[in-house]
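Working notes, structure below.
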Amino acid sequence: MKAVTVPPIKSQGIKTKLVPWINDLVLRSGTSLHARWIEPFFGTGVVGFNSPIRGAHIVGDTNPHIINFYQGVQNGDITPYSMRAYLERESQLLATADEGGYAHFREVRDRFNRDHSPYDFIFLSRAGFNGMMRFNRHGDWNIPFCKKSDRFAPAYITKICNQIDHVARIIKRKQWVFSNVSFIDTIEQAQEGDIIYCDPPYFGRYVDYYNGWTEDDEHALFEALDHTHAKFILSTWHHNDYRANDMLTRYWNRFNVTTREHFYHGGGHIENRHAMTEALVFNFELQERIEAEPVRQLDLFTIAV
Numbered sequence: 009m010k011a012v013t014v015p016p017i018k019s020q021g022i023k024t025k026l027v028p029w030i031n032d033l034v035l036r037s038g039t040s041l042h043a044r045w046i047e048p049f050f051g052t053g054v055v056g057f058n059s060p061i062r063g064a065h066i067v068g069d070t071n072p073h074i075i076n077f078y079q080g081v082q083n084g085d086i087t088p089y090s091m092r093a094y095l096e097r098e099s100q101l102l103a104t105a106d107e108g109g110y111a112h113f114r115e116v117r118d119r120f121n122r123d124h125s126p127y128d129f130i131f132l133s134r135a136g137f138n139g140m141m142r143f144n145r146h147g148d149w150n151i152p153f154c155k156k157s158d159r160f161a162p163a164y165i166t167k168i169c170n171q172i173d174h175v176a177r178i179i180k181r182k183q184w185v186f187s188n189v190s191f192i193d194t195i196e197q198a199q200e201g202d203i204i205y206c207d208p209p210y211f212g213r214y215v216d217y218y219n220g221w222t223e224d225d226e227h228a229l230f231e232a233l234d235h236t237h238a239k240f241i242l243s244t245w246h247h248n249d250y251r252a253n254d255m256l257t258r259y260w261n262r263f264n265v266t267t268r269e270h271f272y273h274g275g276g277h278i279e280n281r282h283a284m285t286e287a288l289v290f291n292f293e294l295q296e297r298i299e300a301e302p303v304r305q306l307d308l309f310t311i312a313v
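Those letters in the sequence shown? Residues 9 to 313, by the numbering used here.
Rendered as structure tokens:
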């Protein structure tokens, strides 16, 4: 089995371990491997970067910092080398800062909230508490420091740089369009023959999302997917030890649903650190699995320390 490419952006709830399950459904959807991939909630990008679909990838997110970062990778402004130089400089400042590193974390946070540097965005996503990504109503980063002044060890910096190199190679292999737009705007670009993958925030659970997520948003997503001519796969939650997802019975159970248990290790709330039954909702009949042509395995790219 091909190893999953892990992206450089870190966030609570990343779907890394669920990628093989999602891809198996894609390959059983009957979608041409040369179709277009439409993804309105791009997030970290882990599903899109590992998609077996080889056509154009039209992806969007309302978080401008995610889109800004990947546009920077796409146009060559952000490289493994430039990120290494940045992280080595900032890690030294973090290790020697007052308050166990918090003084420098606060400086980077304030600088990011003012200037929105994609480099500071990576720093904060890796230095914040529990790998969370959260913004306040003004769009400012508001996750506290993880209290590890030695957070960016040389091996950890190399790992991040390798991840940037890997996604840069994937972006070069296909046509990618990154847009800071609403999920409706992205879904409306889908046509018959395309496949849409949606990983929206989970309604009714404590989530990290740039704009929040309401029942009105869930309803709008249902309407958009119910009327699309494309095939779609929606990631959501089915139930956990505490309760079930009411949105499934209200909206999504009229489509096909498959489930699998998954465990979330991170989260600021204890209820988000238990096993959960995940659901994939889809609007097509399963077909015999199409085998994707093998993609050359990415060579490990290690920048000299």
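Even glycine gets a Cβ: it sits at the ideal position worked out from N, Cα and C.
Owing to the predicted nature of the structure, the values given are computational and were not obtained by experimental measurement.
_Below 8 Å on the Cβ atoms is my contact criterion, and I expect Lys18 with Arg134 to pass it. Report the Cβ-Cβ distance as a whole number of Å._
Correct: roughly 6 Å between the Cβ atoms.
Note to self: Within a Cβ cutoff of 6 Å, which residues of the same chain sit near Met255, ignoring the five residues on either side of it in sequence?
What the structure shows: Contacts found: Phe211, Glu226.
Report buried or exposed for Arg304, applying the criterion of at least 16 other Cβ atoms within 10 angstroms of its Cβ. Here Arg304 scores only 45 on pLDDT, less than 50, and its place in the model is too uncertain to base an answer on.
Margin query: Here's a check: name, in chain order, each residue in its chain whose Cβ is nearer than 6 Å to the Cβ of Lys23, leaving out the five neighbours to either side.
Written below: Taken in chain order, the residues that qualify are Val54, Val55.
Whose CA, out of Arg117, Ala161, His237, lies closest to the CA of Asn144?
-> It is Arg117.
*Quick one: residues in its chain with C-beta nearer than 7 Å to the C-beta of Ile75, no 5 flanking neighbours on either side, listed in chain order?*
Spatial neighbours of Ile75 in its own chain (CB-CB distance under 7 Å, excluding positions within 5 residues in sequence) are listed in chain order as Asp69, Phe186, Ser187, Asn188.
* Asked: What are the residues that DSSP puts in a beta bridge with Cys206?
  -> According to DSSP, Cys206 bridges with Leu242.
- Task: Could you tell me which of Lys156, Val67, Phe129 sits nearest to Gly3, measuring between CA atoms?
- Result: Residue 3 lies beyond the stretch modelled for the chain, which goes from 9 to 313, so this question has no answer here.
*Does the count of Cβ pairs from the segment 238 to 249 and the segment 284 to 291 closer than 8 Å reach three?*
Because the criterion of three Cβ pairs below 8 Å is met, the segment 238 to 249 and the segment 284 to 291 touch.
Check your understanding: Whose CA, out of Phe77, Ile195, Ser37, Gly21, lies closest to the CA of Ile179?
Key -> Minimum Cα distance to Ile179 is reached at Phe77.
Looking only at DSSP bridge pairs, what is Thr267 linked to?
The partner list for Thr267 (beta bridge, DSSP) reads Ala287.
First and last residue of the uninterrupted alpha helix (DSSP H) at His174 | For His174, the uninterrupted alpha helix (DSSP H) segment begins and ends at 162 to 181.
field: Neighbourhood of His42 by C-beta distance below 7 Å, restricted to the same chain and skipping five residues each side
entry: Apart from the 5 residues on each side of it in sequence, His42 sits with its Cβ closer than 7 Å to the Cβ of Arg62, Gly63 in its chain, given in chain order.
Runs of beta strand (DSSP E) lying entirely within the segment 36 to 118, each at least 3 residues, in chain order: List check, beta strand (DSSP E) in window: 45 to 47, 65 to 68.
Exercise. Find the nearest neighbour of Ala11 within the set Phe160, Gly21, Asn58, judged by alpha-carbon distance.
Key: Cα-wise, what sits closest to Ala11 is Asn58.
Just curious, the alpha helix (DSSP H) that Phe230 is in, first and last residue? Per DSSP, Phe230 belongs to the alpha helix (DSSP H) from 223 to 235.
Helix, strand or coil for Phe211, going by three-state DSSP, please let me know.
Phe211: coil per DSSP, three-state reduction.
Original post:
In chain order, what residues of the same chain have a beta carbon less than 6 Å from the beta carbon of Leu294, not counting five sequence neighbours either side?
Top reply: Scanning its chain for C-beta atoms nearer than 6 Å, with the 5 sequence neighbours on each side dropped, one finds around Leu294 the residues Arg36, in chain order.
- Please report the Cβ distance between Gln171 and Pro15, rounded to the nearest whole angstrom; I am assuming they are in contact, meaning their Cβ atoms lie under 8 Å. Confirmed, about 6 Å.
Go ahead and pull the three-state DSSP assignment for Phe120. Helix at Phe120.
Requested in this report: Please list, in chain order, all residues of the same chain as Thr267 whose beta carbon is under 7 Å from its beta carbon, the five residues on each side excluded.
Outcome: Its chain contains His246, Thr285, Glu286, Ala287 as the residues whose beta carbon lies nearer than 7 Å to that of Thr267, once the 5 sequence neighbours on both sides are disregarded; these appear in chain order.
Discussion item. Please list the terminal residues of the continuous alpha helix (DSSP H) segment that includes Ser2.
Written reply: With the chain represented from 9 up to 313, any question about residue 2 goes unanswered, as that position is not in the structure.
Quiz item: Does the Cβ-Cβ distance between Pro48 and Phe191 come in under 7 Å?
Solution: For Pro48 and Phe191, yes; Cβs fall inside 7 Å.
Can you grab the Cα-Cα spacing for the pair Ser99 / Asn138, in whole Å?
The straight-line gap from Cα to Cα measures roughly 18 Å.
Let's test the definition: count the other Cβ atoms within 10 Å of the Cβ of Gln20 and tell me whether it reaches 16, buried, or not, exposed.
Note on Gln20: 16 or more other CB atoms within 10 angstroms of its CB, so buried under the neighbour-count rule.
Looking at the unbroken alpha helix (DSSP H) that takes in Thr194, where does it start and where does it end? Per DSSP, Thr194 belongs to the alpha helix (DSSP H) from 191 to 195.
task: With distances taken Cα to Cα, identify the nearest neighbour of Gln183 among Asp207, Thr39, His65.
output: The shortest C-alpha separation from Gln183 is found at His65.
| said: Taking the alpha carbon of Pro152 as the reference point, which residue from Ser125, Phe160, Asp158, Tyr110 has its own alpha carbon closest? | reply: Checked all of Ser125, Phe160, Asp158, Tyr110; the closest Cα to Pro152 is Tyr110.
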